[in-house]
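Numbering (UniProt numbering), first residue to last: 1 to 503.
For each residue, glycine too, the CB sits at the ideal point set by N, CA and C.
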Amino acid sequence: MFVPFFREISFLMHCLRYPEIDFLAHVYRAFEGLETMYREKGAFRVWVGAHPFVMLSDPQAAEVLLTSNKHIEKAQSYELLHPWLGTGLLTSTGPKWRSRRKLLTPAFHFGILEDFVEVFDRQSQLLGQRIESEFGSARKPFDICNEASLCTLDIICETAMGVQLEAQRASQSAYVQAVHSVGASFIKRNTNPWLRPEFLFRMTSDGKAFYKALDVLHSFTRRVINERYISYKADMSSQEQQQTEVAGKRKKRAFLDLLIETHYQNPRALTLADIAEEVDTFMFEGHDTTAMGVSWCLYLLGHHPIWQQRIFEEIIEVMGTDLSAPITSKHLPRLKYLECAIKESQRLYPSVPLIGRRLRRDLPLQGNRVIPAGSTILLLIMQLHRQPEIYPWPEEFMPERFYQKSQNESAQDHSDLAISHPYAYVPFSAGPRNCIGQRFALMEEKVVVANVLRRVEVRSLTPRDEVQVSINLVTRAAGGLKMCARSRQYDNTIDHSKKKSEV
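1. From what residue to what residue does the alpha helix (DSSP H) around glutamine 346 run?
2. Report the three-state DSSP secondary structure of aspartate 58 (helix, strand or coil).
3. With 16 as the cutoff for other CB atoms within 10 Å, does lysine 330 come out buried or exposed?
4. Taking the C-alpha atoms as reference points, what is the distance between proline 350 and methionine 382?
5. Give the straight-line distance between the Cα atoms of arginine 476 and leucine 335, rounded to the nearest whole angstrom.
6. Helix or strand or just coil, what does DSSP make of glycine 356?
7. Does DSSP classify glutamine 125 as helix, strand or coil?
8. Whole beta strand (DSSP E) runs in the segment 268-331 with 3 or more residues, listed along the chain?
9. Alpha carbon to alpha carbon, how far is leucine 379 from arginine 488?
10. If I'm right that arginine 101 touches leucine 85 with Cβ under 8 Å, what's the distance once you round it to whole angstroms?
11. Ignore the nearest five residues each way along the sequence and tell me which others in serine 295's own chain have a CB closer than 7 Å to its CB.
12. In the DSSP assignment, find the alpha helix (DSSP H) that holds alanine 160 and state where it starts and stops.
13. Mind checking whether alanine 184 and threonine 290 have CB atoms under 8 Å apart?
14. Find out if the Cβ-Cβ distance for the pair isoleucine 311, leucine 104 is shorter than 8 Å.
15. Please classify tyrosine 391 as buried or exposed, where buried requires at least 16 other C-beta atoms within 10 Å of its C-beta.
16. Taking Cβ to Cβ, would you say leucine 365 is nearer than 8 Å to valine 64?
17. Restricting to Cα atoms, I'd like to know which of Ser99, Gly128 and Leu359 is closest to arginine 486.
18. Counting only the same chain and skipping the five closest in sequence on each side, list residues whose C-beta sits under 7 Å from that of methionine 398.
19. Going by CA-CA distance only, name the one from Leu332, Pro305 and His304 that's closest to residue 509.
20. First and last residue of the alpha helix (DSSP H) that includes residue 562?
21. For lysine 74, which of Leu461, Met443 and Ile377 has the nearest alpha-carbon?
22. With C-beta atoms as the reference, is methionine 292 less than 8 Å away from valine 474?
23. On the DSSP bridge assignment, give the partners of threonine 376 in chain order.
24. Pull up the distance between the alpha-carbon of leucine 363 and that of glutamine 168, whole angstroms please.
25. Quick check on isoleucine 355: buried or exposed, where buried means 16 or more other Cβ atoms within 10 Å of its Cβ?
26. With distances taken between CB atoms, is the gap from glutamine 172 to asparagine 451 smaller than 8 Å?
27. Considering Cα atoms alone, identify which of Leu384, Glu114 and Leu272 is closest to proline 353.
28. Smallest Cα separation from proline 141: which of Tyr490, Val469, Glu466 and Thr462?
29. Nearest-angstrom Cα distance between methionine 483 and arginine 139?
30. What is the rounded straight-line gap between the Cα of phenylalanine 186 and the Cα of phenylalanine 53?
31. Secondary structure at phenylalanine 397, three-state DSSP: helix, strand or coil?
32. Give every residue of the same chain whose Cβ lies closer than 8 Å to the Cβ of histidine 421, excluding the five residues on either side of it in the sequence, and list them in chain order.
33. Who are isoleucine 471's beta bridge partners in DSSP?
34. Using the Cα positions of glutamate 466 and glutamine 346, report the straight-line distance between them to the nearest angstrom.
35. Please state whether the Cβ-Cβ distance between leucine 195 and arginine 439 is less than 8 Å.
36. Report the three-state DSSP secondary structure of lysine 252 (helix, strand or coil).
Here it is, written out as C-alpha cells:
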C-alpha cells in the first residue's frame with residue numbers, strides 16, 4: 001500500500017524520540033558524513049521539502065560568499081530570533097544593516113574595550129574561586145559549560161547594560177532562568193518544523209512559556225534603558241558633568257551608554273527602540289558564544305596536560321603568584337601560548353558552527369559552478385577548519401599551528417603562516433558581515449581561561465571521540481563537558497628556565 005510522504009513522516013516521528021540537543025548531534029554527524037563524501041567537490045546539496053540547501057566547506061567558496069557585498073542576507077532560520085532581537089545588527093539586512101553596522105563599529109574601538117577588561121577579570125576571578133572552592137578537591141565532576149555560562153552572562157550584562165546581574169551568586173534568579181528558557185525554546189522550535197509557524201507556536205505550551213520568559217528579558221532591558229537614559233540626561237545637564245568632560249576624565253561606560261549618547265546627539269539615527277534591539281543582540285551574541293569558547297578551550301586543555309602546564313607557567317611568568325593581582329589589557333599580548341590554545345580550540349570547535357545565507361541572486365563559484373538564487377547556503381565552519389590539505393592531522397589539538405604568526409599579528413588578524421588560505425580559518429566569519437565583537441570575545445576568553453587556570457588544574461573526563469557535537473546557533477556538546485579540577489599548589493611547580501621557543 002502506498003502511503004504519501006511515508007519516508008518524511010517516519011523521519012519526523014523518529015526525531016520525536018530524541019531530545020532536541022541530541023537530535024542536533026545526529027544532524028551534525030549527517031553533515032559530517034556528507035561533507036567527507038563530497039569533500040573533493042567542496043559542496044553538496046540537500047533538499048528540505050521543496051527548498052534547496054547548499055553546504056560549503058571549501059575555503060575558495062567561503063571567500064566568494066563572505067567577501068560579497070550582495071549576499072549578506074541571513075538564512076530564514078534567523079527569523080525565529082525576531083521576537084527576541086527584532087531586526088538588529090545580527091538579523092537585519094540591506095540598508096538597515098549597513099547603517100547600523102556603521103553606527104555601532106566605534107563602540108568596539110580598542111580604547112573602549114580596554115575599559116571592559118576590569119569586568120572580565122573581576123567576574124572570572126569569581127568563576128575561578130567558585131570552581132576551586134566547590135570542585136577543587138578533584139573528587140566532584142562538574143559541567144564546565146554551566147559554570148562558564150553564568151560567568152559570561154554576568155560579564156555581558158555588565159558590559160552591555162552596566163548592570164551587575166550576579167548570576168554566579170544567584171543562578172536561580174528570574175532573569176537567569178528566562179535566558180535559559182528562551183535559548184532552549186529557540187533550539188526546540190528550530191528542530192521541530194510544526195513549531196515554526198508563529199500562530200501554531202503561540203498556541204502551544206512551549207510558545208506560551210517562551211513569550212512569558214521573553215517578557216522577563218524585554219522588561220528588564222527596557223527598564224534599564226529608561227533608567228540609564230534619564231540618568232544620562234541628568235548628567236549632561238549638570239555643570240559637574242560638563243566640567244568632567246572638559247577635563248578629559250570619564251567614567252567607565254557600558255555599550256548601552258554609548259548608544260544612548262548617540263541617540264541623545266541624533267534621535268532619528270538611533271531611536272530608543274533601536275537601542276533595545278541592539279542591547280538584546282549584544283546579550284544574545286555575547287553570552288553563549290563566549291561561554292562555549294571558554295568551555296571548549298578548557299576541555300581541550302584538560303586532555304592535554306603538557307599544554308595546560310605550559311600555559312600555566314606563562315600566566316605565572318606574566319602575572320606572578322599573587323592570585324588577587326588583576327589581569328589588565330597590558331598583560332594580554334604577553335599570553336601567547338594561551339592565545340594559540342584559544343585559536344586552536346576555535347578551529348576545532350568554533351563557537352558558531354555554520355553561517356547561513358539566503359541567496360536573492362545567483363552565486364558563481366570556481367569551476368563554472370553556480371548556486372542558483374532562492375537557495376540557502378550553509379557554510380560549515382567546523383568542516384572548513386578541518387580540511388586535511390590545509391591542516392595536517394586536522395583532528396589533533398595542536399596550538400603550535402598558530403604560534404609563529406601570533407607574535408606579530410594584530411588582534412583582528414587570524415591568518416597564520418601555516419594556513420595556506422586566508423578563508424580556511426573563520427571562527428568569527430569574515431568580510432563585511434564578520435563578527436563586530438570578535439576582539440571583545442578574544443580578550444574576554446583570554447582573561448576567563450587565565451583566571452581559571454591560575455587557581456585550578458583541570459582534567460577532562462569525557463574522551464573526545466565520545467563527545468556528541470550539537471550544532472545550532474552555537475556549537476554545544478550534548479550532555480555537556482564533564483571535568484574535574486584540582487587546586488593549584490604553587491611550590492616548585494614552575495620551571496622559569498624554560499624558554500618560550502620550546503614549543
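So, from the data block:
1. Where glutamine 346 is concerned, the enclosing alpha helix (DSSP H) stretches over 336-348.
2. DSSP places aspartate 58 in coil when its eight states are reduced to three.
3. That one is exposed.
4. The straight-line gap from Cα to Cα measures roughly 6 Å.
5. A straight-line Cα-Cα distance of about 26 Å links arginine 476 and leucine 335.
6. Reduced to three states, the DSSP call for glycine 356 is strand.
7. Reduced to three states, the DSSP call for glutamine 125 is helix.
8. The qualifying runs do not exist here; there are none.
9. Going by the C-alpha atoms only, they are around 41 Å apart.
10. Their Cβ separation, rounded to whole angstroms, is 15 Å, which puts arginine 101 and leucine 85 out of contact at 8 Å.
11. Spatial neighbours of serine 295 in its own chain (CB-CB distance under 7 Å, excluding positions within 5 residues in sequence) are listed in chain order as Ile144, Cys145, Ala148 and Leu481.
12. It spans 144-161 - the alpha helix (DSSP H) in which alanine 160 sits, taken as one unbroken run.
13. Contact: no.
14. Isoleucine 311 is not a Cβ neighbour of leucine 104, given a cutoff of 8 Å.
15. It counts as buried.
16. With respect to the 8 Å criterion, leucine 365 and valine 64 are classified as neighbours on the basis of their beta carbons.
17. The residue with the shortest Cα to Cα distance from arginine 486 is Gly128.
18. The answer, listed in chain order, is Glu344.
19. As shown, the chain starts at 1 and ends at 503. That puts residue 509 outside it, with no answer to give.
20. Shown here, the chain extends from 1 to 503; a query on residue 562 therefore has no answer.
21. Nearest C-alpha to lysine 74: Ile377.
22. Going by C-beta atoms, methionine 292 is nearer than 8 Å to valine 474.
23. Looking at the DSSP assignment, threonine 376 forms a beta bridge with Phe53 and Arg358.
24. Approximately 46 Å, taken between the alpha carbons.
25. With a 10 Å radius around the Cβ and a threshold of 16 neighbouring Cβ atoms, isoleucine 355 comes out buried.
26. Result no, Cβ atoms of glutamine 172 and asparagine 451 do not sit closer than 8 Å.
27. Nearest in C-alpha terms to proline 353, of all of Leu384, Glu114 and Leu272, is Leu384.
28. Ranking the options by Cα distance to proline 141, first place goes to Thr462.
29. Looking at the two C-alpha atoms, the distance is approximately 10 Å.
30. Spanning the alpha carbons of phenylalanine 186 and phenylalanine 53 requires a straight line of approximately 21 Å.
31. Residue state, collapsed to three classes: coil.
32. The residues are Pro59, Gln60, Glu63 and Ile390.
33. Isoleucine 471 pairs with Thr475.
34. Taking the straight line joining both Cα atoms gives about 19 Å.
35. Against a cut-off of 8 Å, the Cβ pair of arginine 439 and leucine 195 comes out as no contact.
36. Correct three-state label for lysine 252: coil.
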